[in-house]
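S.K.:
2 protein chains.
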Amino acid sequence: MRAAILVEDLFDERELIYPFYRLKEMGFRVDLVGPEAKTYRSKLGLEVKADVSAEPELAEAYDVIWIPGGYAPDRLRRSKKIVEMVRRAVERGKIVAAVCHAPWVLISAGVVKGRRVTGFHSIWDDLRNAGANLVEEEATVDGNIITGTGPDAMPEMMRLLIELMGSSSIPK
Amino acid sequence: MRAAILVEDLFDERELIYPFYRLKEMGFRVDLVGPEAKTYRSKLGLEVKADVSAEPELAEAYDVIWIPGGYAPDRLRRSKKIVEMVRRAVERGKIVAAVCHAPWVLISAGVVKGRRVTGFHSIWDDLRNAGANLVEEEATVDGNIITGTGPDAMPEMMRLLIELMGSSSIPK
Chain A
1 MRAAILVEDL FDERELIYPF YRLKEMGFRV DLVGPEAKTY RSKLGLEVKA DVSAEPELAE
61 AYDVIWIPGG YAPDRLRRSK KIVEMVRRAV ERGKIVAAVC HAPWVLISAG VVKGRRVTGF
121 HSIWDDLRNA GANLVEEEAT VDGNIITGTG PDAMPEMMRL LIELMGSSSI PK
Chain B
173 MRAAILVEDL FDERELIYPF YRLKEMGFRV DLVGPEAKTY RSKLGLEVKA DVSAEPELAE
233 AYDVIWIPGG YAPDRLRRSK KIVEMVRRAV ERGKIVAAVC HAPWVLISAG VVKGRRVTGF
293 HSIWDDLRNA GANLVEEEAT VDGNIITGTG PDAMPEMMRL LIELMGSSSI PK
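Structure follows, in structure tokens:
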């Protein structure tokens with residue numbers, strides 16, 4: 001099982017750290033994937049090294065893509081490679097989880113139209129304008145897309161992710 | 173199920189964030205417990221508010237006590253109430269997990285003598301001098317005490333914790 005966590009400067013520490021260790025606990029090999037394979041810094045200055053530089057074809061390599069929030073999503077959506085990788089992952093039925101401001105990346109990937117999604121409340125207008133079926137819930141799932149409003153939504157997002165894994169073809 | 177995560181200034185962000193959300197995911201009510209009920213700052217300046225001020229009797233209230241590392245353990249061990257709370261928790265068979273530099277608190281609580289423990293390598297001499305049966309493993313368990321060398325040990329520590337929960341009397 002392989003998971004990618006997308007990383008750019010100004011990511012929210014909590015929204016990267018919890019899934020990073022949690023997915024490893026489940027037995028995933030976890031790669032940090034950025035627009036470039038270099039060091040990025042969180043909002044508070046936590047440095048992490050992206051192992052892998054994003055490529056659209058990498059959508060095939062990962063069973064799960066987790067997108068942390070903070071202001072990293074505003075930077076991630078500027079990368080055509082990141083955006084195309086996320087679009088393909090959604091299209092191919094991979095599990096894609098976006099927390100807090102990260103649904104911005106889903107908007108740019110063009111995958112939220114008509115789908116039940118949530119996100120941090122400041123981006124609800126963006127989600128509605130993108131044609132999403134916005135739900136004011138802490139965490140929600142629609143098909144293979146999991147979204148959540150912020151750090152406190154993550155435990156529920158993780159439960160949804162595990163449920164999806166159970167019903168998907170990810171090898172255990 | 174109730175869990176306490178001990179907090180003081182200069183805690184390692186990763187070592188508090190992962191168990192905080194992970195234990196919530198399991199259904200625990202998680203309290204941050206400090207020498208005082210006030211705001212503490214991580215090594216990088218992440219602010220968290222301790223909900224609860226430590227008291228020795230609180231050892232009874234919690235099924236699990238998790239102690240993050242960083243330099244917070246050097247500060248936690250200065251608090252008689254914290255140290256006594258940890259000592260009683262170990263004595264009463266509660267699950268106590270300490271990662272990285274956090275076994276310093278176990279040393280001050282007088283609970284490592286003759287027990288299999290690990291920790292960050294810089295404190296191995298302290299653990300040996302305290303009479304611990306130091307094991308150079310990433311994560312280890314002895315009875316109800318779980319220890320680990322650092323952040324990367326946490327997924328394995330969590331697996332050990334879940335195993336212990338399965339064999340203990342914590343209500344599910």
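Read top to bottom, the protein sequences are chains A and B. 155 is the number that the numbering used here gives to position 155 of the first sequence; each next residue is one higher, with no gaps. Position in the second sequence (first residue = 1) + 172 = the numbering used here. Ideal Cβ positions, reconstructed from N, Cα and C, are used throughout, including at glycine.
Which value, in whole angstroms, describes the spacing of the CA atoms of B:GLU197 and B:MET337?
M.R.: B:GLU197 and B:MET337: Cα-Cα distance of roughly 14 Å.
S.K.: What does DSSP give as the partner residue(s) for A:VAL48 in the beta ladder?
M.R.: Answer is A:TYR40, bridged to A:VAL48.
S.K.: Bridge partners of A:VAL96, per DSSP?
M.R.: A:VAL96 pairs with A:ILE65 and A:ILE145.
S.K.: At the level of alpha carbons, what is the spacing between A:GLY131 and A:GLY110?
M.R.: In a straight line, the C-alpha of A:GLY131 is about 10 Å away from that of A:GLY110.
S.K.: Short of 8 Å in beta carbon distance, which residues of its chain neighbour A:VAL135, apart from the five on each side in sequence? Order them along the chain.
M.R.: Cβ within range, chain order: ARG116, VAL117 and THR118.
S.K.: Residues in the same chain with beta-carbon distance under 8 Å from B:VAL277, minus the five sequence neighbours each way, listed in chain order, please.
M.R.: LEU178, ILE239, PRO245, LEU248, ARG249, ILE254, VAL255, VAL258 and ALA270, listed in sequence order.
S.K.: I need the straight-line Cα distance from B:ARG194 to A:LEU58, nearest angstrom please.
M.R.: Spanning the two alpha carbons is a distance of roughly 28 Å.
S.K.: In terms of residue numbering, what span does the alpha helix (DSSP H) encompassing A:LEU76 cover?
M.R.: Unbroken alpha helix (DSSP H) run through A:LEU76: 72-76.
S.K.: Compare the C-beta of A:TYR71 with all C-beta atoms of chain B and state if any pair is closer than 7 Å.
M.R.: A:TYR71 does not count as touching chain B.
S.K.: Quick one, which residues of the stretch 210-225 of chain B are near chain A if we go by CB-CB under 7 Å, in chain order?
M.R.: Those would be LEU216, GLY217 and LEU218, in chain order.
S.K.: Could you check where the beta strand (DSSP E) with A:ILE123 kicks off and where it finishes?
M.R.: Careful: A:ILE123 lies outside any beta strand (DSSP E) and carries neither H nor E.
S.K.: Report yes if the C-beta distance between B:ALA311 and B:GLY322 is below 7 Å; otherwise report no.
M.R.: No, they are not a contact pair.
S.K.: Would you kindly work out how many angstroms separate the C-alpha atoms of B:LYS210 and B:GLY265, rounded to a whole number?
M.R.: Going from the Cα of B:LYS210 to the Cα of B:GLY265 covers about 28 Å.
S.K.: Are A:LYS64 and A:ALA3 touching if we call contact CB-CB under 7 Å?
M.R.: The sequence given here places Val at residue 64 of chain A; Lys does not occur at that position. Yes. Within cutoff.
S.K.: Leaving out five residues before and five after A:ALA89 in sequence, what residues of the same chain have Cβ atoms less than 6 Å from its Cβ?
M.R.: Once the five neighbours on either side are set aside, the close Cβ partners of A:ALA89 are ALA59, ILE65 and VAL96.
S.K.: Anything in chain B within Cβ reach of A:PRO68, meaning under 9 Å, just list it in chain order.
M.R.: The premise fails here: A:PRO68 is roughly 12 Å from chain B at the closest Cβ pair, so nothing lies under 9 Å.
S.K.: Check for me: the alpha helix (DSSP H) holding B:VAL255 runs from which residue to which?
M.R.: 252-263 is the span of the alpha helix (DSSP H), which, as asked, contains B:VAL255.
S.K.: Pick from B:GLY217, B:TYR243 and B:LYS252: whose alpha carbon is nearest that of B:PRO228?
M.R.: Considering only alpha carbons, the answer is B:LYS252.
S.K.: Which of the three DSSP states is assigned to A:GLY131 in this structure?
M.R.: DSSP places A:GLY131 in coil when its eight states are reduced to three.
S.K.: Would you grab the beta carbon distance between B:ASP184 and B:ARG213 for me? Rounded to a whole angstrom, and I think it's under 8 Å.
M.R.: So it is not a contact: roughly 12 Å between Cβ atoms.
S.K.: By Cβ distance below 7 Å, which residues in the same chain neighbour A:MET157 in space, the five residues on each side in sequence not counted?
M.R.: ALA97, VAL99, ALA139, ILE146 and GLY148.
S.K.: Output the distance between the C-alpha atoms of A:LEU16 and B:ASP314, rounded to the nearest integer angstrom.
M.R.: Distance between the alpha carbons of A:LEU16 and B:ASP314: 31 Å.
S.K.: For B:LYS196, go through chain A and note every residue whose CB falls closer than 7 Å to its CB, in chain order.
M.R.: Going along chain A in sequence order, the residues near B:LYS196 (Cβ under 7 Å) are PRO155.
S.K.: What are the boundary residues of the alpha helix (DSSP H) that includes B:LEU188?
M.R.: That run of the alpha helix (DSSP H) goes 185-197.
S.K.: I'd like to know whether the C-beta of A:GLU13 is nearer than 7 Å to at least one C-beta of chain B.
M.R.: So, interface residue.
S.K.: The alpha helix (DSSP H) spanning B:GLY338 covers which residue range?
M.R.: 326-339 is the span of the alpha helix (DSSP H), which, as asked, contains B:GLY338.
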